[in-house]
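Written out below as structure tokens is the structure these notes cover.
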Amino acid sequence: MRRKVIILGITGSVGESALKVLRKFPDEFELVAFSYHKNHHLASQIAQEFSVKKIACTSGEGKSFWSNEVTLYDFMEDLFDEEFDCLLNAVVGAVGVNATRKALEMGKKVLLANKESLVMAGELLSNYTKKKMIIPVDSEHNSLFRLLENTKSYRKLILTASGGPFRQTEKEKIAKAKIKDVLRHPTWEMGAKITVDSATMVNKALEVMEAHFLFQVPYEKISAIIHPQSYVHAALELSDGTYFFHASEPDMVYPIAHALFYPEEPPLIREQKNMSVYPSFEFYPIEKERYPGFFLGIMAAQKGGLFPAIFNAANEEAVSLFLSEKIRFFDIPELIEKTLASVSFNKSELTWDILWEADKWAREKTRSFVLK
Ligand code: NDP
Ligand code: MG
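The structure is reproduced here in structure tokens:
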């Protein structure tokens, strides 16, 4: 029996890699439904190729585009009426959180690329992470997931980061960086938002939070290191001072195939290259002056409560302002810092309503600094 898969955000970069895996294993997986936002043209090609008849167009702009053969919805969660085995959530941003929540509440396995789900709501979803209902697709976490399954004990989880396009650029040049310079990622091809997050290293802070909630590990036991080649995705530091690494070419098909096949071992997904053609591996510490966004994120993570969600929302707004040329690259961490510093409410019990209120507050606050 083929496993029935729903993919959210199919027209994005993770969606594209997921389709490569589905194409390679047509006897294993069936795409039964998907969502997209604005890219009607690509969505229609995918619908034809995979004979999908149940589609959500989340921008609400799809009505005139589709024929009666397709059942069209406005919301991702509407797709869950269809029978399915697992959900791949590859939507970008906090807009993906409710779909993760609903699929988990329905008892479905969630293959999670949408890290914002755990950053925002990790505490509220902890019952599901404990039951291993979330299989991480984010490459670092997927590697950690695999390493942890094969290790009895460890001292630290280590996430690697490429360092982004400005790892060695002088500060004066970064200040003048154009959007196209920021979007030129040295090792991974990804959507615009996460590529900006890699340049500011906010992405790594979000991933530290993601690891904390996913593996239920305290922050003192999670660290991050720059590895410009992006071949080693994560490592475990063991109690005797040795390390376990997990490595591959930087290609999202590996973690996606692993998550889709889990708990079975994934088969060979693309041509195996001999390790002798791999580049030399380098590792460097993360410099505070170069990546203030990372350290702001770690501070928010340690404060806990609503702070991770506020950090995430402030960053999403700042990145969107940057991509629409309203602010400069260096303004991104500055806006996040100002928003975090404006939090005056007390830490209260975390509920879904309070979480969304904080998200809204942080977005408005971040924008208010620019519109002033
Ligand atoms: P992309 O920007 O490439 O794709 C985003 C997808 O979400 C598209 O299908 C887009 O639709 C859809 N989308 C955009 N806005 C909305 C919205 N408001 N509501 C619903 N859907 C929307 O992103 P990526 O594929 O790069 O990343 C997706 C997620 O995976 C992110 O959380 C990212 O952090 C994470 N991730 C990505 C990795 C990568 O290699 N790209 C690696 C690890 C994690 P459309 O294009 O039709 O408008
Ligand atoms: Mg990652």
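Residue numbers (the numbering used here): 33 to 404. A virtual CB, placed ideally from N, CA and C, is assigned to each residue, including glycine. Because the structure is a prediction, the values reported are computed rather than measured.
Query raised in the report: Hey, is D229 close to the ligand MG, as in C-beta under 6 Å from one of its heavy atoms?
Result: Within the sequence shown, numbered from 1, the residue matching residue 229 stands at position 197. False, no ligand heavy atom lies under 6 Å from that Cβ.
Query raised in the report: Is the region 116-136 touching the region 312-332 in the sense that three or more CB pairs, one from each, lie closer than 8 Å?
Result: Proximity of the region 312-332 to the region 116-136 falls short of the contact definition, fewer than three beta-carbon pairs being nearer than 8 Å.
Requested in this report: Using only alpha-carbon positions, find the residue among E396, Q248, L387, A390 that is nearest to R367.
Outcome: Working through the sequence shown from its first residue, we reach residue 367 at position 335. Note that residue 367 is Leu in the sequence shown here, rather than Arg. Taking only the C-alpha atoms, the option nearest L367 is E396.
Query raised in the report: Between I167 and the rest of its own chain, which residues show a CB-CB distance below 6 Å, the 5 nearest in sequence each way excluded?
Result: Stepping through the sequence shown from its first residue, residue 167 is reached at position 135. Answer for I167: L143, A291, Y294, listed in chain order.
Query raised in the report: Going along the chain, which residues of its own chain have a beta-carbon closer than 6 Å to the beta-carbon of K147, five neighbours each way excluded?
Result: Within the sequence shown, the letter at position 115 stands for residue 147. Around K147: D170, L238, E242.
Query - Start-end ranges of the alpha helix (DSSP H) lying completely within the region 215-271, minimum 4 residues - result: 224-232, 234-247, all fully within the region 215-271.
Query - Proximity test, D170 beta-carbon vs the ligand MG heavy atom, cut-off 6 Å - result: As a position in the sequence shown, residue 170 is number 138, starting the count at 1. For D170, the shortest separation between its Cβ and any heavy atom of the ligand MG lies below 6 Å.
Requested in this report: Leaving out five residues on either side along the sequence, give the residues of the same chain with a beta carbon under 7 Å from the beta carbon of S255.
Outcome: The sequence position of residue 255 within the sequence shown is 223, counting from 1. Beyond the five residues adjoining it in sequence on each side, S255 comes within less than 7 Å, by CB distance, of K188, I190 in the same chain, given in chain order.
Query raised in the report: From V151 to F339, what distance separates their C-alpha atoms?
Result: Position 119 of the sequence shown, counting from 1, holds the residue named residue 151. Position 307 of the sequence shown, counting from 1, holds the residue named residue 339. Rounded to the nearest whole angstrom, the C-alpha separation of V151 and F339 is 10 Å.
Requested in this report: Say yes only if the C-beta of H22 is nearer than 6 Å to one or more non-hydrogen atoms of the ligand NDP, and no if none qualify.
Outcome: Outside the shown range of the chain, which is 33 to 404, sits residue 22, and nothing can be said about it.
Query raised in the report: For Y160, does the count of other Cβ atoms within 10 angstroms reach 16, so buried, or fall short, so exposed?
Result: By 1-based counting over the sequence shown, the position of residue 160 is 128. Around the beta carbon of Y160, a 10 Å sphere encloses 16 or more other beta carbons of the protein chains shown; the residue is thus reported as buried.
Query raised in the report: So is the beta-carbon of H290 under 6 Å away from any non-hydrogen atom of the ligand ATP?
Result: For the structure depicted, the ligand ATP is absent and the ligand set comprises only the ligand NDP and the ligand MG.
Query - Where S49 sits in the DSSP three-state scheme - result: Taking the first residue of the sequence shown as 1, we reach residue 49 at position 17. Note: S49 maps to helix in three-state DSSP.
Query raised in the report: Given A209, which residues of its chain have a CB within under 6 Å of its CB, disregarding the five upstream and five downstream residues?
Result: Position 177 of the sequence shown, counting from 1, holds the residue named residue 209. Non-local C-beta neighbours of A209 in its own chain, meaning closer than 6 Å and more than five positions away in sequence, comprise F361, ordered along the chain.
**Report entry** Neighbour-count burial assignment, A350, 16 or more Cβ in a 10 Å radius
**Finding:** Numbered from its first residue, the sequence shown carries residue 350 at position 318. So A350 counts as buried.
Query raised in the report: In the region 330-357, which residue ranges form an unbroken alpha helix (DSSP H) of at least 4 residues, counting only runs that do not cross its ends?
Result: For the region 330-357, the full-length alpha helix (DSSP H) segments reaching 4 residues or more read 339-355 along the chain.
Report task. Take E81 as the anchor and find which of C89, L51, F354, S400 has the nearest alpha-carbon. Result -> Position 49 of the sequence shown, counted from the start, is the residue given in the question as residue 81. Considering only alpha carbons, the answer is L51.
Query raised in the report: Any heavy atom of the ligand NDP closer than 6 Å to the CB of Y294?
Result: Numbered from 1 along the sequence shown, position 262 holds the residue referred to as residue 294. Result no, Cβ not under 6 Å from the ligand NDP.
Report task. Enumerate in chain order the residues of its own chain whose CB-to-CB distance from P124 is below 6 Å, with the five nearest sequence positions on each side excluded. Result -> In the sequence shown, the residue the question calls residue 124 occupies position 92. In the sequence as presented, Pro is not what sits at residue 124; that position holds Val. Exclusion of the five residues before and after V124 leaves G223, K225 as the residues of its chain whose Cβ lies within less than 6 Å of its Cβ.
Query - Cβ separation of N121 and A145, assumed to be a contact under 8 Å, to the nearest whole Å - result: Here residue 121 refers to the residue found at position 89 when the sequence shown is read from its first residue. Here residue 145 refers to the residue found at position 113 when the sequence shown is read from its first residue. By a beta-carbon distance limit of 8 Å, N121 contacts A145. Their separation comes to about 6 Å.
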